[in-house]
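Novice: Note that numbering that gives the first Met the number 0 gives residue 90 to position 91 of the sequence shown, counting from 1, and the numbers run on in steps of one.
Beta carbons are placed, not taken as given, at the ideal position from N, Cα and C, and that holds for glycine.
Small disclaimer: the values here were computed from a predicted structure and weren't measured.
The structure under discussion is supplied below as structure tokens; questions concerning it will follow.
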Amino acid sequence: MGSGALWGKVALVTGAGSGIGRASAIALGEQGASVGLLGRTSEELEMTAVEISRGHGKACPLTADVSDENQTRRAIATLIEKYGRLDILVANAGINGVWAPIDDLKPEEWDTTLAVNLRGTYLTVHFAVPHLKIRGGSIIIVSSINGTRTFTSPGATAYAVSKAGQVAMTKQLALELARHRIRVNAVCPGEIETNINSTMDVRSEDETQIPVVWPEGQVPITGGRPGTAGDVAEVVLFLASDRSKHITGSPIWVDGGQGLLR
Ligand code: NAD
Numbered sequence: 000m001g002s003g004a005l006w007g008k009v010a011l012v013t014g015a016g017s018g019i020g021r022a023s024a025i026a027l028g029e030q031g032a033s034v035g036l037l038g039r040t041s042e043e044l045e046m047t048a049v050e051i052s053r054g055h056g057k058a059c060p061l062t063a064d065v066s067d068e069n070q071t072r073r074a075i076a077t078l079i080e081k082y083g084r085l086d087i088l089v090a091n092a093g094i095n096g097v098w099a100p101i102d103d104l105k106p107e108e109w110d111t112t113l114a115v116n117l118r119g120t121y122l123t124v125h126f127a128v129p130h131l132k133i134r135g136g137s138i139i140i141v142s143s144i145n146g147t148r149t150f151t152s153p154g155a156t157a158y159a160v161s162k163a164g165q166v167a168m169t170k171q172l173a174l175e176l177a178r179h180r181i182r183v184n185a186v187c188p189g190e191i192e193t194n195i196n197s198t199m200d201v202r203s204e205d206e207t208q209i210p211v212v213w214p215e216g217q218v219p220i221t222g223g224r225p226g227t228a229g230d231v232a233e234v235v236l237f238l239a240s241d242r243s244k245h246i247t248g249s250p251i252w253v254d255g256g257q258g259l260l261r
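What follows is the structure, encoded as structure tokens:
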């Protein structure tokens with residue numbers, strides 16, 4: 000017999016191979032949940048799965064692109080076949096995409112960011128909700144300070160719009176799904192040390208940057224250092240558990256005060 004606050008529960012985490020998704024999946028696994036690890040890169044997912052089983056947790060890698068309807072449908076069906084239920088969804092997969100002046104940002108670049116961050120969140124929630132409706136559950140959407148508190152990241156229009164859209168979805172669905180005992184909340188991280196910057200493209204920053212000067216860096220509570228994926232995973236764990244049973248429709252900023260500054 001296992002133990003942990005989430006023993007017997009099943010969670011799905013998207014973007015579980017890296018950064019915030021990986022840390023959240025490991026934290027959920029440590030608390031006894033069986034975790035579906037959805038992501039684009041199977042090698043990354045395998046490594047997260049190994050980490051979870053090292054802590055005697057259960058995990059199942061699910062290779063899929065969240066912006067693809069059929070792949071996402073199939074991944075969630077596979078998870079249900081394996082574990083038989085779903086209680087917790089962490090819709091986390093996302094990209095920074097291209098940050099560029101609006102007159103230089105290409106339509107296909109706009110589409111890619113919105114496809115992964117917003118359509119991907121919609122598709123994941125869309126296919127997960129029928130299973131969550133059976134027993135109730137918790138949906139946690141990973142948004143950002145961008146688009147919610149912060150509008151000074153140079154050229155980040157498509158990204159900010161996708162992240163603002165996720166918070167709108169959180170609030171709309173909190174009401175729609177309350178009758179099914181499904182809570183829906185968002186976490187809005189500030190700068191967190193992960194791999195997200197490795198694939199982004201920033202163009203003509205000099206044209207779009209808003210100078211923001213702070214004597215101790217951009218994250219007030221740490222004296223400037225970025226947060227860690229574990230800092231965000233702590234909040235994901237809280238929102239996944241019954242300890243947050245009266246919280247729904249709420250964005251929680253995990254940014255060390257950065258979003259208030261800029
Ligand atoms: P990361 O790049 O380290 O991890 C993201 C994961 O998502 C990767 O494993 C990647 O393969 C996966 N992924 C990307 N596109 C996908 C797709 N189409 N389908 C399936 N999987 C896909 O990034 P991270 O920093 O951990 O980002 C996670 C979330 O946190 C994102 O939604 C991001 O916008 C948000 N966020 C991050 C920061 C930060 O500073 N790192 C700040 C605010 C918000």
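Within this structure, are the beta carbons of residue 26 and residue 15 separated by less than 7 Å?
Specialist: Going by C-beta atoms, residue 26 is not nearer than 7 Å to residue 15.
Novice: Could you say if the stretch 65-77 and the stretch 170-179 meet the contact criterion of at least three C-beta pairs nearer than 8 Å?
Specialist: Output reads no: the stretch 170-179 does not touch the stretch 65-77.
Novice: Report the start-end ranges of each alpha helix (DSSP H) in the stretch 104-143 that is 4 residues or longer and not cut off at the edges.
Specialist: The stretch 104-143 contains these whole alpha helix (DSSP H) runs: 106-113 and 119-134.
Novice: Please work out which residues of its chain come closer than 6 Å, Cβ to Cβ, to residue 179, disregarding the five sequence neighbours upstream and downstream, and give them in chain order.
Specialist: Closer than 6 Å at the Cβ level, and outside the excluded window around residue 179, lie 132.
Novice: Please go through the same chain and pick out, in chain order, the residues whose beta-carbon is closer than 7 Å to the beta-carbon of residue 207, but skip the five residues on each side of it.
Specialist: If we look at residue 207 and ignore the five residues flanking it on each side, its Cβ neighbours are 100, 153 and 154.
Novice: Pull up the distance between the alpha-carbon of residue 147 and that of residue 166, whole angstroms please.
Specialist: Cα to Cα, the separation comes out at about 8 Å.
Novice: State the beta-bridge partners of residue 227 as determined by DSSP.
Specialist: Answer is 192, bridged to residue 227.
Novice: Can you name the start and end residues of the alpha helix (DSSP H) that residue 162 belongs to?
Specialist: Where residue 162 is concerned, the enclosing alpha helix (DSSP H) stretches over 156-177.
Novice: If you check the beta carbons only, do residue 161 and residue 112 fall under 7 Å apart?
Specialist: Cβ distance < 7 Å, so residue 161 and residue 112 count as in contact.
Novice: Would you list the residues sitting across from residue 98 in a DSSP beta bridge?
Specialist: 201.
Novice: So which of 145, 203 and 215 has the shortest CA-CA distance to residue 190?
Specialist: The shortest C-alpha separation from residue 190 is found at 145.
Novice: Measuring alpha carbon to alpha carbon, tell me which residue in 2, 90 and 45 is nearest residue 19.
Specialist: The option with the nearest alpha carbon to residue 19 is 90.
Novice: Would you call residue 212 buried or exposed, if buried means 16 or more other Cβ atoms sit within 10 Å of its Cβ?
Specialist: It counts as exposed.
Novice: Between which two residues does the alpha helix (DSSP H) holding residue 47 run?
Specialist: Taken as a continuous stretch (DSSP letters only), the alpha helix (DSSP H) holding residue 47 covers 41-53.
Novice: Confirm the yes/no value for this check: CB of residue 181, any heavy atom of the ligand NAD, distance under 6 Å.
Specialist: No, the ligand NAD has no heavy atom inside 6 Å of this Cβ.
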